[in-house]
Structure formats: C-alpha cells, structure tokens
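Asks:
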Amino acid sequence: MIHPFDMSQDIERVLVSEAEIHTRLVELGQELSRDYAGKKPIFVGVLKGVVPFFAEMARCIQIPCQWDFMSVTSFEGGTQSTGKLTFRKDIDHDIAGRHVVILEDILDSGRTLSYVCDLLRQRGPASLKICTFLDKPAGRTVDMNADYVAFTIPNAFVVGYGLDYDDYYRNLPYVGVLKPSVYED
Ligand code: IMP
Ligand code: MG
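Under numbering that gives the first Met the number 0, think of the first position of the sequence shown as 0, with each following residue one higher.
Next comes the structure, spelled out in structure tokens:
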C-alpha cells in the first residue's frame, strides 16, 4: 500500500542521492553542450518520467536548442513492462535534417527506446542519439544502447526523480529501491 505521509519509509535504500544527481547532470550538460555546439539540437523528452531529468538537463545545457515531448507507455501500474507499447502523444517539430537527442528516464528492456528511435528515424533527422538518466543493462531484451548515460544501476525496481510505481514516488528528489512489500501483497 502507498503510505500517504512519508514516502521515504517505502524505500529500501537510496541508490543515487540528490547531490550525486546534481553533480553528474552538470557534467553531462557540459558534455552535451560541447558535442552539440553550433548544431541547434532538438531535445525530445519521453513523458512522464523524464520531467525532473529534462528540467535539470535543460538548465545545464548552455547552447541554443529546442525542446519537444512525446508520450509512450508500456507499463500498466505494475513493476514489469507489459511489452505492449501505447503511443499517446507525438512531438510537434519537424525533425527532418535536425540533430535530435532523445531524453529518457530509464533504459531497461530497451523496447520503449527502440520503438521511439525507429519512429523518429523514419522522419530523416540529421542525427539521432539517446541520453538516459538511468541505464539498467541487466534488464535488456532488445539490442539497444544509450549514447549518454547519467547513471548505470543494478537490476532493481527503482523510484524517484521521475520514476514511478503506479504513478507515485515521482516527486522523491533521489533514486531509491522500492521495498518489495509495497508491490507484493
Ligand atoms: P523499457 O521499455 O523496458 O526499456 O522500459 C522503459 C520504461 O519502463 C521507462 O520509461 C520506465 O517508465 C519503466 N521502467 C523500467 N524500469 C523501471 C524501474 O526500475 N522503475 C520505474 N520504472 C521503470
Ligand atoms: Mg513509468
């Protein structure tokens, strides 16, 4: 059950602290600013989990760029991807000839990003790269890798900093492992 007053009691351990997130994203923002200098990239965020990561990255990227968002979902409330992707919202920009960087909260099985990449690649971008906040390599079922990774994590179900369980815990300022008792009856 979700405890209404103290989310932190549902967290088994903190995997990535608020301070670690901040330090790493400043670094990653500088890397992207260097790599995309003069390219006027479009950053495409995959909603909803990417919101805190996207906002912080946007502050750390110091070159002219545009933003866009799309929404795809593969979970229906549980801790396992259903494998069935539902496309909910497309981007607004025409990306033909543009340098596109997809921002995602977590790369797990790889199905979501593989679907999103296939879709965007058909529109003829000048380049298409992936920047993920978390990478969980142990979860991979399709051949998919990110070009930029903020943190590589072990195979555990995590929440916080945008990541959810049943749409809760996204507002935790750090990334933590959710106690299995929360989702096991
Ligand atoms: P993939 O398609 O399996 O790579 O999963 C990508 C999506 O699954 C992410 O955008 C998340 O919404 C969700 N997801 C995967 N692992 C976790 C996790 O540990 N916690 C919360 N959400 C996750
Ligand atoms: Mg999710």
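Glycine included, every Cβ here is placed at the ideal spot set by N, Cα and C.
Which same chain residues end up closer than 8 Å to lysine 178 when comparing Cβ atoms and leaving out the 5 residues on each side of it in sequence?
Replies: Cβ within range, chain order: Asp9, Ile10 and Glu11.
Asks: Rounded to a whole number of angstroms, what is the C-alpha to C-alpha distance between serine 126 and glutamate 26?
Replies: Taking the straight line from one Cα to the other gives about 22 Å.
Asks: Tell me the rounded alpha-carbon separation between tyrosine 173 and tyrosine 35.
Replies: Roughly 28 Å between the two C-alpha positions.
Asks: In angstroms, rounded to a whole number, what distance separates the CA positions of isoleucine 101 and glycine 109?
Replies: In a straight line, the C-alpha of isoleucine 101 is about 13 Å away from that of glycine 109.
Asks: What first and last residue would you give for the alpha helix (DSSP H) that runs through tyrosine 114?
Replies: Looking at the DSSP string, the run of the alpha helix (DSSP H) that includes tyrosine 114 is 110-120.
Asks: Between Gly77, Val71 and Val148, which has its C-alpha nearest serine 113's C-alpha?
Replies: Comparing Cα-Cα distances from serine 113 to each of Gly77, Val71 and Val148, the minimum goes to Val71.
Asks: Let me know the secondary structure DSSP gives glycine 138 once reduced to three states.
Replies: The answer is helix: DSSP assigns glycine 138 an H, G or I state.
Asks: What separation, rounded to the nearest whole angstrom, lies between the Cα atoms of arginine 139 and threonine 111?
Replies: The alpha-carbon atoms of arginine 139 and threonine 111 are separated by roughly 11 Å.
Asks: In the structure shown, what three-state DSSP assignment does alanine 18 receive?
Replies: Alanine 18 falls in the helix class under three-state DSSP.
Asks: Whose C-alpha, out of Ile90, Gln29 and Asp165, is nearest the C-alpha of alanine 57?
Replies: Nearest option by C-alpha distance: Gln29.
Asks: So, helix, strand or coil for aspartate 9, using DSSP?
Replies: Aspartate 9: helix per DSSP, three-state reduction.
Asks: Measure the alpha-carbon distance for glycine 37 versus serine 7 and round it to whole angstroms.
Replies: Each residue's Cα considered, the two are about 43 Å apart.
Asks: State yes or no: is the C-beta of lysine 128 within less than 8 Å of the C-beta of asparagine 154?
Replies: No.
Asks: For glycine 123, which residues from the same chain have a beta carbon less than 6 Å from its beta carbon, with the 5 sequence-adjacent residues on both sides left out?
Replies: Correct list, in chain order: Ala95.
Asks: Just the Cα atoms here: how many angstroms apart are threonine 131 and isoleucine 152?
Replies: Spanning the two alpha carbons is a distance of roughly 12 Å.
Asks: Pull up the CB-CB distance for leucine 133 and alanine 149, whole angstroms please, since I reckon it's below 8 Å.
Replies: That belief holds up - the Cβ atoms of leucine 133 and alanine 149 are roughly 7 Å apart, short of 8 Å.
Asks: Using the three-state DSSP reduction, which class does serine 126 fall into: helix, strand or coil?
Replies: In this structure, serine 126 counts as strand in the three-state DSSP scheme.
Asks: Would a C-beta distance cut-off of 8 Å place methionine 69 and valine 99 closer than the cut-off?
Replies: For methionine 69 and valine 99, no; Cβs fall outside 8 Å.
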